[in-house]
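> One structure, pasted below without further comment.
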Amino acid sequence: MKHAPHRTTGRIHGLAAIAAVLLLTGCATTQNPQDPLEGYNRTVFRFNDAVDRTVLKPTATAYKNVTPSFVQTGVGNFFGNLSDAWSAVNNLLQGKVENGMGDVTRVAVNSTFGIFGLLDIASEAGIQKHNEDFGQTLGVWGVPSGPFLMLPILGPSTVRDTAALPADIGGDIWKYKRPENWRNIGAAVRVVDKRASLLDAGNLLEDAALDRYEFLRDGYMQRRQSQVYDGNVPRQAEDADEATSNAEPAADPAGKASAEPTK
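Numbering-wise (the numbering used here), the sequence shown opens with residue 1 and increments by one.
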């Protein structure tokens, strides 16, 4: 009887060790070489999905149903105008001087004639909008995307894009808005407005995808590659991505190759 506590403690430690091994094994097992953290990523995806279903989607739906369409357009234009400034910086860092100056012109036109960006006069004038961030800039500089990574609340990303987040956050003009309460209110409205613009796409995803996680992951990886190359992905890069996606994991006893992303 005196040894019972020691035996119980030993069993607990043994079970904990087994659980840790199973957890690590589960996290290491994946069908897609681009997603070695699939176990972790799926857990975060389920968390994000729960937050979206209980908070973001209902709020965005109410916002879309109640807020006049011209107000929604104005909100989207306003924050889009702010993002054009950071897009201009990234275009210039990528050596795309013409695109960078185009973004500068957009900000100047929309901030003045467009009433602080509420009206997108630049687009009506034929000045093209670009959406460049520091993750794309790193990609243009030759930094590989690295594995897929699902971030809590923020959603799909890669190791490269995650490393670029501090620069993107620092390049967001709204971050420096004062007083702080106005900044926080604006940030909340920005998130809700963005989610409202994606309601139809989200419903389509729920209806069409058998595995929403895989659909989102593969679509994100392809989209980011296309953004880095401005839609003109070199054949060499496409072949490398296809080879990686179709690679058969050595540890897969069933010998099942991962599904090729839809092109």
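Ideal placement from N, C-alpha and C gives every residue a C-beta, glycine not left out. Owing to the predicted nature of the structure, the values given are computational and were not obtained by experimental measurement.
Among W182, L216, A196, whose alpha-carbon lies nearest the alpha-carbon of Q72?
Selected option, being the one with the closest Cα: A196.
> How about L118 and G74: are their beta carbons less than 8 Å apart?
Result yes, Cβ atoms of L118 and G74 sit closer than 8 Å.
> Please determine, among R106, Y63, D218, the residue with the shortest C-alpha to C-alpha distance to K194.
Here the closest residue by C-alpha is Y63.
> Cα separation between R264 and G170?
Limits of the chain in this structure are 1 at one end and 263 at the other, which puts residue 264 out of reach.
> Rounded to whole angstroms, how far is the Cβ of N90 from the Cβ of D133, which I believe are closer than 8 Å?
Rounded, the Cβ-Cβ distance is 6 Å, consistent with contact.
> Here's the rule I'm using: 16 or more other beta-carbon atoms within 10 Å means buried, otherwise exposed. How should T158 be labelled?
T158 is buried by the Cβ-count criterion.
> Just to confirm the assignment: which complete alpha helix (DSSP H) runs, minimum length 4, are found wholly within the segment 97 to 131?
For the segment 97 to 131, whole alpha helix (DSSP H) runs of length 4 or above, ordered along the chain, are 97 to 112, 121 to 124.
> Quick test of the definition: if touching needs 3 or more C-beta pairs under 8 Å, does the segment 206 to 224 touch the segment 106 to 123?
These segments do not touch.
> Ordered along the chain, which non-local residues of its own chain (more than five positions away) have a Cβ less than 6 Å from that of G139?
Same-chain partners within the cutoff: V228.
> Among R160, V143, T67, which has the Cα closest to the Cα of L151?
Nearest of R160, V143, T67 to L151, Cα basis: R160.
> Below 6 Å CB to CB, which residues in the same chain sit around R106 once its five sequence neighbours on both sides are set aside?
So the qualifying residues of the chain are D84, A122, I127.
> Rank R224, R217, A188 by C-alpha distance to the C-alpha of G76 and give the top, closest one.
Comparing Cα positions, the closest option is A188.
> Please state whether DSSP places S157 in a helix, a strand or coil.
S157 falls in the strand class under three-state DSSP.
> Give me the Cβ distance between L216 and P156, rounded to the nearest whole Å; I'm assuming they're in contact under 8 Å.
About 6 Å separates the two Cβ atoms, so the contact holds.
> Going by CA-CA distance only, name the one from D230, Y213, S226 that's closest to Q31.
That would be Y213, whose Cα lies nearest to the Cα of Q31.
> Have a look at the DSSP bridge pairing and note the partners of F148.
Answer is T158.
> Using a Cβ-Cβ cutoff of less than 6 Å, which residues in the same chain neighbour Q136 once the five nearest sequence positions on both sides are dropped?
The residues are Q227, V228.
> T61 to P234, Cα distance in whole Å?
Those two C-alpha atoms are separated by around 40 Å.
> Please go through the same chain and pick out, in chain order, the residues whose beta-carbon is closer than 6 Å to the beta-carbon of T162, but skip the five residues on each side of it.
The answer, listed in chain order, is L149.
> Looking only at its chain, what residues have a beta carbon closer than 6 Å to the beta carbon of F79, apart from the 5 residues adjacent to it on each side?
Within the same chain, F79 has close Cβ partners R190.
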